[in-house]
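Written out below as structure tokens is the structure these notes cover.
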Amino acid sequence: MRYAEPVYLDAPTLHLGERVETVTEAVARGAIAEPVAEKYGYAELRISDLAPVEMAERAALSALATAGVGALDLDEVLHAWTYFQGHDFWSPAHYVAARVGASRAVPLGVQQMCNGGMAAVEMAARHLLAEPEAQAVLVTTADRFVPPGFDRWGGDLGVCYGDAATAVVLTRTPRAPAVRLLATRTAAAAELEAMHRGHAPFSPAPLGGTTTLLPRVTKRQFNERPERADLAKMAYAALTEVLGRSLADASVAPDDPRLRGVALPRLSLNGLDEVYRPAISDVTGAEVFELGSRTGHLGAGDAVANLACLLAEDPPAGAVYVLISAGAGFTWTSAVVEVV
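For the sequence shown, counting from 1, position 45 maps to 44 in numbering that gives the first Met the number 0; every step adds exactly one.
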């Protein structure tokens, strides 16, 4: 989708967990095997003692202050997450809205697994375009991957998880630091949902706290199925499609000198090298950014976190970046943005 009317992503903010565990420490305590750690390429993961929504509140307040947007000016507050937010039967989005003082905003929870942050950005942008009276929308993400329910180092295949929150304000006029949203494209492969479901029967109640989630087990069970879909092949097809079409929608050629780079999800290096890099390089020769080695995968927040890190380098006005996002299910999004 091309955003012909101006939509800006203002003050992207990353709130990282306040503590760090290095890969050396994790290997020493047996949390991850050294050969696997070397293959994955994570140097350290961020860990927080705050609830996810408490981190989201801090990120949101910082983003609003930086953008100079009042909480009462927000039309919507969208909150996306991947894992448990602290209570079972409850709305995290309403918590974030209440804590930042957005009493006039409509809170919405977005659950699209790790693609949730970009799904929320797309929803927010379309709301601004569809509702002339809307002035600003806040998007937050937050995830915290802690025991007993989650094993951040060894519970999954191809990814280790860090705790963090992100926030970004969407408006029709830029509030520095900001980028203009030029285009987004999203593709999905619903036949891959079983990769995170496995063989277990449907449960009548949440299992959080009674067992440790082990996505590595469900992924292996999925791969045992004779009729299984090929994740690598489908991911390659989806990535080349969304990247190519989003660049075309944005009127940015693959070799356009304005295109400074493509930021990838904060997955393991081997996974990025095997699937993501080949797909990107078959569309554009632009530089590829892998920014997760000192944070881990941040659940729904990778794309906004990457944008915050890119803008922290003070790129020149007119520079174009692509943010790639992906989430279980599976869904992939490519967003083309231009620094203003």
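Glycine included, every Cβ here is placed at the ideal spot set by N, Cα and C.
Since the model is a prediction, treat every value here as computed from it, not as a measurement.
The residues Gly-148, Phe-149 and Gly-154, in chain order, have a CB closer than 7 Å to that of Leu-212 in the same chain once the five nearest residues on each side in sequence are set aside.
In the DSSP assignment, the residues bridged to Leu-77 are Leu-107 and Val-138. Assignment of Leu-238 by DSSP, reduced to helix, strand and coil, places it in the helix class.
Taking C-beta separations shorter than 6 Å and ignoring five residues to either side along the sequence, the partners of Arg-103 in its chain run Leu-71, following chain order.
The continuous alpha helix (DSSP H) containing Gly-116 extends over residues 115-129. With respect to the C-alpha of Ser-324, the residue from Glu-337, Leu-290 and Leu-73 having the closest C-alpha is Leu-290.
Shown here, Leu-263 sits in coil according to DSSP, grouped into three states, outside any helix or strand. Leu-306 and Thr-12 have their C-alpha atoms spaced approximately 9 Å apart.
Residue environment for His-198: exposed (fewer than 16 other C-beta atoms within 10 angstroms of its C-beta). In the structure shown, Tyr-82 falls within a coil segment according to DSSP collapsed to helix, strand and coil. Contact between the segment 318-332 and the segment 232-239 is established, with three or more Cβ pairs separated by less than 8 Å. In the same chain as Arg-98, and ignoring 5 residues on each side of it, the C-beta atoms closer than 6 Å to its own belong to Glu-56, in chain order.
His-14: member of the beta strand (DSSP E) spanning 7-15, first to last residue.
Here Asn-114 is buried: its Cβ has 16 or more other Cβ atoms, across all protein chains shown, within 10 Å.
Secondary structure note for Ala-334: it is in no alpha helix (DSSP H), and the uninterrupted beta strand (DSSP E) holding it is 330-338. Inter-residue distance for Gly-69 and Thr-170 is about 12 Å (C-alpha atoms, whole angstroms).
Between Leu-180 and Val-287, the gap from beta carbon to beta carbon reaches 7 Å or more. Taking the CA atoms as reference points, Val-338 sits about 48 Å from Pro-203.
Excluding sequence positions up to five before and after Ala-318, its CB lies within less than 8 Å of the CB of Arg-257, Arg-259, Glu-337 and Val-338, all in the same chain and listed in chain order. Under the three-state reduction of DSSP, Ala-182 is assigned to strand.
Val-168 is positioned such that its CB atom lies no closer than 7 Å to that of Ala-58.
Listed as beta-bridge partners of Arg-18 by DSSP are Ile-46. DSSP links Tyr-160 through a beta bridge to His-296.
In the DSSP annotation of this structure, the continuous segment of the alpha helix (DSSP H) that includes Ile-279 starts and ends at 276-280. Under the three-state reduction of DSSP output, Val-251 falls in the coil class, being neither helix nor strand.
When the alpha-carbon of Ser-267 is set against those of Arg-293, Val-282 and Ser-250, the nearest one is in Arg-293.
Ser-324 carries a strand assignment under DSSP once its states are collapsed to helix, strand and coil.
With contacts defined by Cβ atoms closer than 7 Å, Gly-300 and Asp-162 do not form a contacting pair. Exclusion of the five residues before and after Tyr-7 leaves Thr-170, Pro-173, Ala-177 and Arg-179 as the residues of its chain whose Cβ lies within less than 6 Å of its Cβ.
Around Ala-50, the same chain offers Gly-85 as residues with beta carbons nearer than 6 Å, after the five sequence neighbours per side are excluded. 7 Å or more divides the Cβ of Arg-184 from the Cβ of Ser-47. DSSP, reduced to helix, strand and coil, places Leu-212 within a strand of the structure shown.
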